[in-house]
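Participant: Please see the structure below; I have some questions.
Protein chains: 2
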Amino acid sequence: MSAKSPLAVPFPAMPAIAGVTPRIARAHYKEWDRCDLTFVELTEGTTVAGVTTRNVCCSTEVELCRENVKGGRARALVVNAGNSNAFTGFRGREAVDAITSQVAAHLGCPHSEVFVSSTGVIGVPLPKDKAQAGLHAVFNAEPCSWEDATNTIGTTDTFAKGAVASAMVDGKRVELVGIIKGSGMIAPDMATMLGYIFTDAAIEPAFLQQLLSEANRKTFNCITVDSDTSTSDTILAFATGKAENAPLHSFDDAGADAFAAALHDVCRQLAHLVVRDGEGAQKFIEIEVTGAVSDDSAHRIGLAIANSPLVKTAIAGEDANWGRVVMAVGKAGEPADRDKLAIRFADKWVAQAGLAADSYDEAPVAEHLKGQEIRIGVDIGLGSGTATIWTCDLTHGYISINADYRS
Amino acid sequence: MSAKSPLAVPFPAMPAIAGVTPRIARAHYKEWDRCDLTFVELTEGTTVAGVTTRNVCCSTEVELCRENVKGGRARALVVNAGNSNAFTGFRGREAVDAITSQVAAHLGCPHSEVFVSSTGVIGVPLPKDKAQAGLHAVFNAEPCSWEDATNTIGTTDTFAKGAVASAMVDGKRVELVGIIKGSGMIAPDMATMLGYIFTDAAIEPAFLQQLLSEANRKTFNCITVDSDTSTSDTILAFATGKAENAPLHSFDDAGADAFAAALHDVCRQLAHLVVRDGEGAQKFIEIEVTGAVSDDSAHRIGLAIANSPLVKTAIAGEDANWGRVVMAVGKAGEPADRDKLAIRFADKWVAQAGLAADSYDEAPVAEHLKGQEIRIGVDIGLGSGTATIWTCDLTHGYISINADYRS
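Chains as they are written, first to last, in this note's numbering: chain A, 4 to 410; chain B, 4 to 410.
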């Protein structure tokens with residue numbers, strides 16, 4: 004691991020989830036002294052939902068997840084770290100097929116209930132022999148902690164990222180835990196994220212998918228580190244039903260709202276943690292767009308600001324250069340009227356009605372920019388569309404990490 | 004000026020253009036020890052064409068250029084350096100009106116024949132008194148060289164950028180010269196570019212506009228440094244007619260093809276020079292996309308690659324990380340088939356048909372990446388659409404320059 008991000012937060016206390024058993028082992032996918040294979044066994048009857056990258060050059064693993072999610076049932080999750088197996092053609096497919104077969108045989112379950120993810124370098128086929136030996140080891144390993152599992156799915160992550168929530172459903176307390184890896188190649192429509200949420204709630208897969216997709220739209224799809232979108236991004240949610248609530252089918256069921264809120268909360272926490280581990284990040288930036296012609300338009304304007312290298316470097320330099328925010332709004336390709344635009348840092352308006360605010364005092368803004376949590380507000384002045392986007396600054400650390408990763 | 008870009012090229016020998024008289028002066032727009040006001044007087048009858056930024060938060064100057072270009076005639080160009088006057092509302096408009104009035108009175112020409120550009124920090128109204136005094140000084144200054152004029156329009160540029168071409172039209176040799184400033188906030192649909200082309204050819208403004216727009220599409224719109232698009236970008240072409248050729252009206256006129264080729268050549272040279280002065284640039288990167296479903300699709304794929312921070316940092320690190328190119332193709336949102344994709348560096352194919360090329364030998368690719376001129380080729384394998392995009396790598400220099408520009 005590189006030096007821990009200055010924005011890191013401690014790994015939370017996370018409960019065991021009934022019906023979920025994580026284990027880790029060393030498959031030696033890379034020359035490193037750490038576990039790199041995670042195997043999570045799921046009790047029979049576990050339901051599953053998922054969202055995946057929109058990158059059209061996605062990996063075999065992603066294609067398999069998309070296909071298997073349709074069946075709605077899961078018995079196992081395998082995560083390989085150190086090799087993404089993306090863009091490896093038939094050799095990559097063979098490796099995934101071998102893993103799936105080995106796990107299905109071990110558990111006596113259908114192939115379609117085995118979910119595989121891989122993360123790391125693109126273009127090198129995952130070595131089948133290492134996967135086979137690693138699985139053999141992991142089947143016989145003791146169950147591990149969530150923190151150990153989280154560290155094992157990580158690659159360039161500088162800290163372990165976990166989230167926890169609970170909800171009362173049908174008189175039962177249900178627990179949700181989430182773990183995630185990812186720090187670079189983060190962009191809307193997923194990221195170099197592999198995230199997994201486990202709950203003991205009983206919930207039908209179609210409804211779980213609905214809730215996950217809605218949460219994803221407002222959380223994982225609202226973060227960006229460098230505008231790049233990985234070929235492997237995957238978020239899966241598994242529900243074991245061991246809490247023995249009456250299974251949730253729709254928002255008409257008692258406790259559905261509470262469960263949805265808890266799932267959204269876990270997704271938001273995980274999404275923010277990824278930004279906090281953005282490669283080279285020194286500052287966490289929240290961008291709130293209001294007054295756009297629609298929520299979608301606000302979203303795109305927010306991303307244009309969040310992805311602007313000039314905005315991100317200005318924040319890195321603690322420079323209240325709101326002109327760069329104006330520029331980013333203007334290049335978004337969305338309806339905007341220069342002379343109605345207003346911009347604030349934290350709660351201080353720096354520009355209004357198309358020019359610097361009369362009341363603008365740089366001192367409190369400069370003070371805000373020295374902090375680690377930066378808030379930028381943009382009011383477009385045209386409608387009622389809103390969006391909130393989260394990103395980090397662009398620093399020398401990003402260059403150092405990415406100019407010398409593979410070699 | 005910062006340290007000169009390692010990709011800099013010497014300023015070319017550039018001829019005087021009959022009917023064009025550049026002069027420079029100090030308006031003291033910033034606290035600096037250099038000229039920052041350029042005034043170019045154009046002979047009566049000069050025709051003009053222009054292309055400007057698509058940033059919807061554009062400056063008053065850009066709005067004025069767009070309006071004045073419709074008249075097709077120009078008598079003067081004023082360029083202010085150190086203050087872009089963008090996002091300054093009515094105060095900015097007053098400053099431009101004052102400049103226009105002063106120049107029009109001096110030359111006895113219509114306001115609509117005066118073109119003004121400003122470049123520098125956004126959000127601070129151009130000081131009218133400094134502009135007035137600067138213009139008074141420049142009207143009385145001696146004519147200057149093209150290189151002096153080029154240095155005077157520059158801001159963060161590290162070297163003076165000029166281009167020259169000539170063509171035979173109607174039995175007359177016509178000369179074209181171009182000067183340009185710009186190094187950051189460069190993106191398709193213009194850039195933080197202010198570029199001016201002067202020719203002694205006689206050409207009708209509508210045809211000059213047609214030729215400039217076509218050249219722009221294949222040159223300035225094909226470069227990017229950081230994906231950001233300035234609020235002030237402007238390219239203007241002025242034709243004095245002093246070569247006394249029969250005025251060009253269309254491609255049916257003798258010499259029109261030669262003139263169009265010369266204009267395209269000047270635009271291409273200028274566009275490349277801007278990339279060569281990309282902030283922090285250490286390497287010039289040419290991205291050739293073939294086999295896309297259309298030229299427009301190829302253009303968008305090329306830009307997705309050129310704007311990917313992960314691709315740009317890999318090149319900075321001299322790392323043949325073609326997986327990042329795959330990623331960038333996949334995120335472009337354009338038709339692509341992972342299993343038909345082929346990627347090369349220079350002429351060496353590194354990936355074909357969706358996986359690493361059997362013949363791939365990293366040594367010559369690594370050698371190529373050590374150079375200053377990097378060529379990436381991507382064949383999508385779906386159609387006959389092509390595009391060529393030019394960019395530079397993303398280095399610590401970019402961060403250093405942009406994390407501390409305004410303050």
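Cβ coordinates follow ideal geometry from the N, Cα and C atoms, glycine included.
Please read all numbers here as calculations on a predicted model, not as lab measurements.
Using the three-state DSSP reduction, which class does Val228/B fall into: helix, strand or coil?
Facilitator: Coil.
Participant: Buried or exposed for Asp342/A, going by 16 or more other Cβ atoms inside 10 Å?
Facilitator: Asp342/A comes out exposed.
Participant: Give a yes or no on contact between the stretch 179–186 of chain B and the stretch 134–153 of chain B, applying the rule of three or more CB pairs nearer than 8 Å.
Facilitator: Segments in contact, yes.
Participant: Alpha carbon to alpha carbon, how far is Asp255/A from Trp393/B?
Facilitator: In a straight line, the C-alpha of Asp255/A is about 55 Å away from that of Trp393/B.
Participant: Quick one: measure Cβ to Cβ for Phe201/B and Val167/B, integer angstroms, because I've assumed they're closer than 8 Å.
Facilitator: 10 Å between Cβ atoms; not a contact.
Participant: Short of 6 Å in beta carbon distance, which residues of its chain neighbour His267/B, apart from the five on each side in sequence? Order them along the chain.
Facilitator: Correct list, in chain order: Ala218.
Participant: Between the alpha carbons of Lys286/A and Leu313/A, how many angstroms are there, rounded?
Facilitator: The straight-line gap from Cα to Cα measures roughly 15 Å.
Participant: CA-CA distance, Ser148/B and Pro25/B?
Facilitator: Using only the alpha carbons, I get a separation of about 7 Å.
Participant: Answer with buried or exposed for Ala1/B, where buried requires no fewer than 16 other C-beta atoms within 10 angstroms of its C-beta.
Facilitator: Only positions 4 to 410 of chain B appear in the structure, and residue 1/B is not among them; the question remains open.
Participant: Can you find the residues in the same chain that come closer than 8 Å, C-beta to C-beta, to Asp280/B, ignoring five residues on each side of it along the sequence?
Facilitator: Ser8, Leu10, Ala11, Asp160, Thr161, Phe162, Lys164, Gly185 and Ser186, listed in sequence order.
Participant: Between which two residues does the beta strand (DSSP E) carrying Ala52/A extend?
Facilitator: Note, Ala52/A: beta strand (DSSP E), Thr50 to Thr55.
Participant: Use the C-beta contact count for Lys133/A: other C-beta atoms within 10 angstroms, 16 or more gives buried, fewer gives exposed.
Facilitator: Lys133/A is buried by the Cβ-count criterion.
Participant: In chain A, which residues lie less than 7 Å from Ala316/B when you measure between Cβ atoms?
Facilitator: For clarity, residue 316/B is Thr in the given sequence; the question names Ala instead. Within chain A, the residues near Thr316/B are Ile402, Asn405 and Ala406.
Participant: Quick check: Ala309/B and Leu251/B, are their CB atoms within less than 8 Å of each other?
Facilitator: Cβ atoms of Ala309/B and Leu251/B: not closer than 8 Å.
Participant: With a CB to CB cut of under 8 Å and the five nearest residues on each side skipped, what residues in its chain are close to Ser104/B?
Facilitator: Closer than 8 Å at the Cβ level, and outside the excluded window around Ser104/B, lie His114.
Participant: Output the boundary residues of the beta strand (DSSP E) element that contains Phe42/B.
Facilitator: Here the beta strand (DSSP E) through Phe42/B covers Leu40 to Leu45.
Participant: Report yes if the C-beta distance between Trp95/B and Leu138/B is below 8 Å; otherwise report no.
Facilitator: According to the sequence shown, residue 95/B is Gly rather than Trp. No, they are not a contact pair.
Participant: For Ser300/A and chain B, any beta-carbon pair shorter than 8 Å?
Facilitator: Not an interface residue.
Participant: Would you check if the distance between the CB atom of Ile318/B and the CB atom of Ala274/B is smaller than 8 Å?
Facilitator: No, the pair does not count as a contact, with Cβ atoms beyond the cut-off.
Participant: Taking the alpha-carbon of Asp350/B as reference, which of Ile377/B, Ser297/B, Gly326/B and Ala339/B has the nearest alpha-carbon?
Facilitator: It is Ile377/B.
Participant: For a contact defined as C-beta to C-beta under 8 Å, what are the partners of Pro18/B on chain A?
Facilitator: The contacting residues do not exist; Pro18/B stays about 36 Å from chain A at best.
Participant: For Ala249/A, which residues from the same chain have a beta carbon less than 6 Å from its beta carbon, with the 5 sequence-adjacent residues on both sides left out?
Facilitator: Hits under 6 Å: Asp173.
Participant: Pairs of beta-carbons, one from the stretch 45–60 of chain B and one from the stretch 231–248 of chain B, closer than 8 Å: are there three or more?
Facilitator: Touching, yes.
Participant: Can you give me the C-alpha to C-alpha distance between Ser403/B and Asp100/A, rounded to a whole angstrom?
Facilitator: Rounded to whole angstroms, Ser403/B to Asp100/A spans 47 Å at the Cα level.
Participant: Can you tell me whether DSSP reads Tyr199/B as helix, strand or coil?
Facilitator: Residue state, collapsed to three classes: strand.
Participant: In angstroms with no decimal places, state the Cα-to-Cα distance between Ala30/A and Cys60/B.
Facilitator: Their backbone Cα atoms lie some 54 Å apart in a straight line.
Participant: For Pro338/B versus Ser311/B, is the C-beta distance shorter than 8 Å?
Facilitator: Going by C-beta atoms, Pro338/B is not nearer than 8 Å to Ser311/B.
Participant: Which first and last residues belong to the beta strand (DSSP E) in which Glu289/B is found?
Facilitator: Counting along the chain, the beta strand (DSSP E) containing Glu289/B begins and ends at Phe287 to Ala295.
Participant: Throw me the rounded Cβ distance for the Ala84/A and Tyr32/A pair, which I believe falls under 8 Å.
Facilitator: About 7 Å; that satisfies the 8 Å criterion.
Participant: Between which two residues does the beta strand (DSSP E) containing Gln375/A stretch?
Facilitator: Here Gln375/A belongs to no beta strand (DSSP E), and DSSP marks it neither H nor E.
Participant: Under 7 Å between beta-carbons, which chain B residues line up against Gly357/A? List them in chain order, please.
Facilitator: Near Gly357/A (Cβ distances below 7 Å), the residues of chain B are Phe90 and Gly92.
Participant: Taking only beta-carbon atoms, is Thr161/A less than 8 Å away from chain B?
Facilitator: No - not a single Cβ of chain B is within 8 Å of the one on Thr161/A.
Participant: Need the endpoints of the alpha helix (DSSP H) that Cys270/A sits in, please.
Facilitator: First-last of the alpha helix (DSSP H) with Cys270/A: Ala259 to Arg279.
Participant: Taking the Cβ atom as the reference point for each residue, do Ser87/A and Thr122/A lie within a distance shorter than 8 Å?
Facilitator: Yes, the Cβ-Cβ distance between Ser87/A and Thr122/A is below 8 Å.
Participant: Which residues in the same chain have their Cβ closer than 8 Å to the Cβ of Val124/A, if we skip the five residues on either side of it in sequence?
Facilitator: Cβ within range, chain order: Gly85, Asn86, Ser87 and Arg409.
Participant: Which residues, in order along the stretch 303–330 of chain B, keep a beta-carbon less than 9 Å from a beta-carbon of chain A?
Facilitator: So the close ones are Asn310, Ser311, Pro312, Leu313, Val314, Lys315, Thr316, Ala317, Ile318, Ala319, Gly320, Glu321, Asp322, Ala323, Asn324, Trp325, Gly326, Arg327, Val329 and Met330.
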